[in-house]
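Residue numbers (UniProt numbering), protein chains in the order written: chain E, 1 to 246; chain P, 1 to 246. Read through the structure below, which is laid out as structure tokens, and then see the notes.
There are 2 protein chains.
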Amino acid sequence: MSIFKKIFSKSRSLEDGIFFNAVEKILGFAPQNLDNYKNAFTHRSLNRLSNEGNPINYERLEFLGDAMLSSVIAAYLFTEAPHGDEGYLTKMRSKIVSREHLNELGKDLNLIQFIESKVPVHHFGENIHGNIFESLIGAIYQDRGYAYCEQFIQKRVIVPYVDISRLEGKVISYKSLVIEWCQKEKKIFNYDIFEDNAIDGQRLFGVRLSIDDKVIAKARATSKKKAEEKASQRAYFALQEKMDKK
Amino acid sequence: MSIFKKIFSKSRSLEDGIFFNAVEKILGFAPQNLDNYKNAFTHRSLNRLSNEGNPINYERLEFLGDAMLSSVIAAYLFTEAPHGDEGYLTKMRSKIVSREHLNELGKDLNLIQFIESKVPVHHFGENIHGNIFESLIGAIYQDRGYAYCEQFIQKRVIVPYVDISRLEGKVISYKSLVIEWCQKEKKIFNYDIFEDNAIDGQRLFGVRLSIDDKVIAKARATSKKKAEEKASQRAYFALQEKMDKK
């Protein structure tokens, strides 16, 4: 009996286990202290307090995560854009860590599913996605330190989204890049709409890009053109990897 | 002969050796690649270029150092001020990394002595001190990584200068704190002016604070009152350590 007791007291609750697995999948490594990640998704409306009576919510971690993100992107740009002066680096960074971009990153990871709040989640504005993306980075720093933050940002921000040419405005359209590449490689491409509906009066288009009858990327946006461009961007990054492997 | 040759080719130039030692003393650890530190003190007026033709000057490192400083201070405040919300943390950080404060830090380390420039150093404005303090942090990041940045900022910024009570405005005057402590400890204190002159039309006072006939701190400022307060602040931090040891 005592052995059973030991096992049970040490095992996580079922709920924690599910959260642990979901967070691990997003991070790409195991959390050490799950509390950090719980804090990252705790809204102030819960009025949670630490044992010392200090408020616990994601806003402090957001401050921390914002700082870590800025540093990691600064170091990345410093190395990757050796031609750029201080003004250039500052401008590029603010494009990468723009509110709009952070919201997109948070949304893509569906972080909002983890939020604990007394206020209904649909009452939050758009910025909630970016805010909890930053608080998640803060939690990673608290849990595992700077190197893990760097690794996470590399995987979730830099590799899939950061393209210096695009940020510089040199790439006008990813769709044209994809088409150009397909023509050069003698591949057949096709954009088709797999979804067309309206949520809360907002029209939403889902576009699928296939190359040689294989689906390469999907994206949703408020216009067909935007969805095509988004899918093309995703395809472009996927193709880039392929092209590099050659 | 070949042995001699080997020794000589491996040894640093005399000039580099002096610079290496001076930098090591400031950092508290040995530089790995001295070029990083040379870049941190290179003014754009020299028009230096890398082998790839990219401009080399301290401005890019300043961008990097600014980011690292913000992160390290953010993490410090996150831990040390668990009662503070996001707004509080943001405000405290901006006080610590204020232009004025960074200039003071750069000046105290006399970093300006290392600047290489075509423009005479006295033509630079006051901000040069803070700018090269930041570029030095950027160089540390490039040379040794985040942990060494953290160590340097801990030693050169946080330990000697960061006092949350003071930043919160709770401490009105360090002079009154010092006097209070001396009275409680039955110690005799004395502020005396050891210097009173004018440079470029700017009056400068040097004040020395002694406690029980031992000089505890010295400071220079543009008024007697300011110099006394500065010396008191330095003494306060020195005394704090003593008081903690009790």
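Don't be surprised by glycine CBs; every beta carbon is placed ideally from N, CA and C. Because the structure is a prediction, the values reported are computed rather than measured.
Give me the Cα-Cα distance between residue i and residue j, rounded to the nearest whole angstrom.
i, j, result
"residue 141 of chain E", "residue 148 of chain E", "7 Å"
"residue 88 of chain P", "residue 98 of chain P", "15 Å"
"residue 38 of chain P", "residue 216 of chain E", "48 Å"
"residue 41 of chain P", "residue 160 of chain E", "36 Å"
"residue 58 of chain P", "residue 137 of chain E", "29 Å"
"residue 144 of chain E", "residue 68 of chain E", "13 Å"
"residue 177 of chain P", "residue 213 of chain P", "19 Å"
"residue 82 of chain P", "residue 180 of chain E", "54 Å"
"residue 240 of chain E", "residue 230 of chain E", "15 Å"
"residue 185 of chain E", "residue 164 of chain E", "24 Å"
"residue 222 of chain P", "residue 108 of chain P", "16 Å"
"residue 197 of chain E", "residue 47 of chain E", "38 Å"
"residue 188 of chain E", "residue 51 of chain P", "43 Å"
"residue 182 of chain P", "residue 235 of chain P", "11 Å"
"residue 21 of chain P", "residue 43 of chain E", "51 Å"
"residue 206 of chain P", "residue 226 of chain P", "10 Å"
"residue 30 of chain P", "residue 146 of chain P", "15 Å"
"residue 55 of chain P", "residue 94 of chain E", "22 Å"
"residue 139 of chain P", "residue 110 of chain P", "17 Å"
"residue 32 of chain E", "residue 49 of chain P", "45 Å"
"residue 238 of chain P", "residue 169 of chain P", "20 Å"
"residue 78 of chain P", "residue 123 of chain E", "28 Å"
"residue 62 of chain P", "residue 23 of chain E", "35 Å"
"residue 201 of chain P", "residue 162 of chain E", "53 Å"
"residue 192 of chain E", "residue 90 of chain E", "38 Å"
Give the interface partners of residue i over in chain E, defined as CB-CB distance under 7 Å, in chain order.
i, result
"residue 60 of chain P", "78, 85, 86 and 89"
"residue 64 of chain P", "74, 75 and 78"
"residue 146 of chain P", "146"
What residues of chain P sit near residue i, judged by a beta carbon separation below 8 Å?
i, result
"residue 54 of chain E", "82 and 83"
Around the Cβ of residue i, are there at least 16 other Cβ atoms within 10 angstroms (buried) or fewer (exposed)?
i, result
"residue 203 of chain P", "exposed"
"residue 232 of chain P", "buried"
"residue 16 of chain P", "exposed"
"residue 84 of chain E", "buried"
"residue 36 of chain E", "buried"
"residue 102 of chain E", "buried"
"residue 18 of chain P", "exposed"
"residue 150 of chain E", "buried"
"residue 194 of chain E", "exposed"
"residue 128 of chain E", "buried"
"residue 153 of chain P", "buried"
"residue 25 of chain E", "exposed"
"residue 14 of chain E", "exposed"
"residue 262 of chain P", "Chain P is shown from 1 up to 246; residue 262 of chain P falls before or after that span and cannot be answered."
"residue 9 of chain P", "For residue 9 of chain P, the pLDDT reaches just 44, beneath the cut-off of 50, and the residue's location in the model is therefore unreliable, leaving the point undetermined."
Please name the residue or residues paired with residue i in a DSSP beta bridge.
i, result
"residue 55 of chain P", "P/49"
"residue 214 of chain E", "E/211"
"residue 199 of chain E", "E/202"
"residue 220 of chain P", "P/206"
"residue 79 of chain E", "Paired residue(s): none; residue 79 of chain E is not in a bridge."
"residue 189 of chain E", "E/211"
"residue 42 of chain P", "P/116"
Please confirm whether residue i and residue j have their CB atoms less than 7 Å apart.
i, j, result
"residue 220 of chain E", "residue 86 of chain P", "no"
"residue 65 of chain P", "residue 135 of chain P", "yes"
"residue 190 of chain P", "residue 210 of chain P", "yes"
"residue 96 of chain E", "residue 115 of chain E", "no"
"residue 106 of chain P", "residue 130 of chain P", "yes"
"residue 155 of chain E", "residue 28 of chain E", "yes"
"residue 119 of chain P", "residue 45 of chain P", "yes"
"residue 218 of chain P", "residue 208 of chain P", "yes"
"residue 92 of chain P", "residue 167 of chain P", "yes"
"residue 228 of chain E", "residue 175 of chain E", "yes"
"residue 121 of chain E", "residue 132 of chain E", "no"
"residue 76 of chain E", "residue 199 of chain E", "no"
Interface residues of chain E around residue i at Cβ under 8 Å?
i, result
"residue 141 of chain P", "75"
What does residue i touch in chain P if you count any residue whose Cβ is under 7 Å from its own?
i, result
"residue 67 of chain E", "70, 71 and 74"
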